[in-house]
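Worksheet: the structure to be examined is printed underneath.
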Amino acid sequence: MTLADLAAVNFDALPFWQGTEAGEFLLARCESCGEAHHYPRALCPFCRSEAIRFSPASGKGAIYSLAVTRTPGKPLRVVAYVTLAEGPTIMTQIVDADEAVAIGDPVRVDFQKHPEGLTAAVFRLARNTN
Amino acid sequence: MSAAYIAGAYEHPTRKADGISVAQLHMQSAAGALADAGLSFDDVDGYFCAGDAPGLGAMSMLEYMNLNVHHVDSTETGGSSYLIHVAHAAQAIAAGKCNVALITLAGRPRAAGLKSAKMPPSPTPDTPFEGLFAPSVVEMYGMVAARHMYEFGTTSEQLAWIKVAASHHAQHNDRAMLRNLVTVEDVVTSPLVAAPLHRLDCCVVSDGGGALVVTSEAVAKSLNRPLVKVRGSGEAVKHPSAGRVDLTTSAGAISGPRAFAEAGVTPADIKYASIYDSFTITVLVALEDLGFCAKGKGGAFVADGNLISGVGRLPFNTDGGGLCNNHPSNRGGMTKVIEAVRQLRGEAHPAVQVPGCDLALAHGTGGSLATRHGSATLILERL
Ligand SMILES: [Zn+2]
Chain A
1 MTLADLAAVN FDALPFWQGT EAGEFLLARC ESCGEAHHYP RALCPFCRSE AIRFSPASGK
61 GAIYSLAVTR TPGKPLRVVA YVTLAEGPTI MTQIVDADEA VAIGDPVRVD FQKHPEGLTA
121 AVFRLARNTN
Chain B
1 MSAAYIAGAY EHPTRKADGI SVAQLHMQSA AGALADAGLS FDDVDGYFCA GDAPGLGAMS
61 MLEYMNLNVH HVDSTETGGS SYLIHVAHAA QAIAAGKCNV ALITLAGRPR AAGLKSAKMP
121 PSPTPDTPFE GLFAPSVVEM YGMVAARHMY EFGTTSEQLA WIKVAASHHA QHNDRAMLRN
181 LVTVEDVVTS PLVAAPLHRL DCCVVSDGGG ALVVTSEAVA KSLNRPLVKV RGSGEAVKHP
241 SAGRVDLTTS AGAISGPRAF AEAGVTPADI KYASIYDSFT ITVLVALEDL GFCAKGKGGA
301 FVADGNLISG VGRLPFNTDG GGLCNNHPSN RGGMTKVIEA VRQLRGEAHP AVQVPGCDLA
361 LAHGTGGSLA TRHGSATLIL ERL
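Those protein sequence lines, which keep their order, are chains A and B.
Position one of the first sequence corresponds to residue 1 (full-length UniProt numbering), numbered consecutively onward.
Position one of the second sequence corresponds to residue 1 (full-length UniProt numbering), numbered consecutively onward.
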């Protein structure tokens, strides 16, 4: 089973993946309690309401934590948690990062097609633009 | 509540199981623990195993061992499962569900050629959200370490002291995979695997297994073994909380205080601690959450040999732990309990035995500290 297969049967989050495919970063928010959450669920993980609506997020955030892997001759690999401007902290990857990449750095969302067919929401350093 | 006792404990001697099946490792471990207790397979009336058991878990292993029991439990919280099994066995014994509970663990990741543990692929809603980035286990724990350093100023040198202490103990264990003493310098100059974690911040990958026998008081007192009583236990699961991620506190902040409260003791009373050590950072976070020091002060607590037996305030993992000795099936909870039992019986290596060790703690952190994990704490007493 590929990740795309898994995403396809996780109906709760389908709008998220359709969004990344279209270059849009959607966040699940509960219309009952107003809280945003991630990963997207059909029932609000805070108040358990089913009134979940996807809406475009700013795509801005800051690095909450990271792990950096350096392989000679290859770009830095940076797995990270990013805290979105809207609140939730999500696991992601920082692409095209430089050696100075650090917790607290402002980042902006970008999209990267995965070989298995899904499009990932990744982030890029945005020290001068956020 | 009537008390339960750990009457048998056995660590499989192998570290590389070429030509030995996982089921065989489980059963050899079971045989060892039962022999240690002075019991036989025919005495077993409760069986506990976790996700490392082959096939259908308890059903497959009960068939393989040709056992008939009337209590089974396959609670799965990764590497901490076996500490929860001890607690659940004690509860089952108190409820009259069984009298002799057998707990087994085994695996052969080395022989199978798995260099490091990968996150298991499982069809859960979170899988694509993490799987797209294929985070390795070291990267996961690296993120915990990075955040701890950021919030509290913890240093790589402080983390290194945890490995140094483990190596001081492992030098006396002739079965340990890494027996050489290492220095702080050795750890921080070893290659960065996923910064800020170095190769020597990581545990070993080993084959093997272990087993425990938990019995009622009546059975325990009928045996010719030291009495190791389960005095308190706690368990908890923590996860990313739908986006409210907090990487510097583990579920141990819940399991630990509950275990201490049930036992009626405090961290200051503990003479020896087995602390799950998949990585150095795993130990640091646990020590804080268990209350051995304040949150954020773990770096200072572990520094300067404070975890070395005979040197520091809190001797830990005197078998060398997962960091140097053994981490069978990438699950370190079983060996944590086993070494705590050795300490309480006075059967640890003389060079690391804690004098008068009558109260010990064993703590596990299973799953991934950076995402969903289960913590379990046991407080064990030598009567
Ligand atoms: Zn809600």
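Every residue gets a Cβ at the ideal spot worked out from N, C-alpha and C, and that includes glycine.
Please tell me whether, using a cut-off of 6 Å, the distance from the CB of residue i to the nearest non-hydrogen atom of ligand 1 is below it.
i, result
"F111 of chain A", "no"
"E24 of chain A", "no"
"D50 of chain A", "According to the sequence displayed, residue 50 of chain A carries Glu and not Asp. The answer is no for E50 of chain A."
"E151 of chain B", "no"
"F46 of chain A", "yes"
"E262 of chain B", "no"
"S136 of chain B", "no"
"S32 of chain A", "yes"
Can you grab the Cα-Cα spacing for the pair residue i / residue j, in whole Å?
i, j, result
"S167 of chain B", "T365 of chain B", "21 Å"
"residue 417 of chain B", "T71 of chain A", "Outside the displayed span of chain B (1 to 383) sits residue 417 of chain B, for which this structure offers no information."
"R147 of chain B", "H198 of chain B", "16 Å"
"G291 of chain B", "P115 of chain A", "46 Å"
"A130 of chain B", "Q18 of chain A", "Reading off the sequence, residue 130 of chain B comes out as Glu, not Ala. For E130 of chain B and Q18 of chain A, the distance between alpha carbons rounds to 17 Å."
"A370 of chain B", "G73 of chain A", "29 Å"
"S74 of chain B", "R345 of chain B", "28 Å"
"A62 of chain A", "I90 of chain A", "11 Å"
"E347 of chain B", "D319 of chain B", "11 Å"
"V354 of chain B", "P45 of chain A", "47 Å"
"A376 of chain B", "V86 of chain B", "10 Å"
"N128 of chain A", "G55 of chain B", "54 Å"
"L76 of chain A", "V138 of chain B", "16 Å"
"G51 of chain B", "L380 of chain B", "25 Å"
"C30 of chain A", "V79 of chain A", "28 Å"
"A362 of chain B", "K113 of chain A", "45 Å"
"H169 of chain B", "D277 of chain B", "14 Å"
"F152 of chain B", "C202 of chain B", "21 Å"
"M334 of chain B", "Y64 of chain A", "33 Å"
"T119 of chain A", "A4 of chain A", "9 Å"
"E76 of chain B", "H349 of chain B", "31 Å"
"S81 of chain B", "L132 of chain B", "28 Å"
Determine, using beta carbons only, whether residue i comes closer than 7 Å to chain A.
i, result
"R147 of chain B", "yes"
"L132 of chain B", "yes"
"P135 of chain B", "yes"
"A236 of chain B", "no"
"A194 of chain B", "yes"
"L247 of chain B", "yes"
"A242 of chain B", "yes"
"E157 of chain B", "no"
"G142 of chain B", "yes"
"E288 of chain B", "no"
With DSSP as the reference, label residue i as helix, strand or coil.
i, result
"M334 of chain B", "helix"
"M119 of chain B", "Only weak support is given to the placement of M119 of chain B: the predicted model assigns it a pLDDT of 49, under 50, and the value that follows is read from those uncertain coordinates. Coil, per DSSP."
"S309 of chain B", "coil"
"H239 of chain B", "coil"
"P106 of chain A", "strand"
"L84 of chain A", "strand"
"H88 of chain B", "helix"
"K271 of chain B", "coil"
"D98 of chain A", "coil"
"M143 of chain B", "helix"
"H363 of chain B", "strand"
"E347 of chain B", "coil"
"G232 of chain B", "strand"
"G252 of chain B", "helix"
"V68 of chain A", "strand"
Does the beta carbon of residue i fall short of 6 Å from some heavy atom of ligand 2?
i, result
"E35 of chain A", "In terms of ligand content, the structure shown lacks ligand 2 and carries ligand 1 instead."
Any Cβ of chain E within less than 7 Å of the Cβ of residue i?
i, result
"T127 of chain B", "Within the model displayed, chain E is absent; protein chains A and B are what it includes."
Should residue i be flagged as near chain B, meaning a C-beta pair shorter than 7 Å?
i, result
"S65 of chain A", "yes"
"L3 of chain A", "yes"
"G73 of chain A", "no"
"V79 of chain A", "yes"
"A28 of chain A", "no"
"T69 of chain A", "yes"
"T89 of chain A", "yes"
"I103 of chain A", "yes"
"A42 of chain A", "no"
"A85 of chain A", "no"
"A120 of chain A", "yes"
"F11 of chain A", "no"
"A7 of chain A", "yes"
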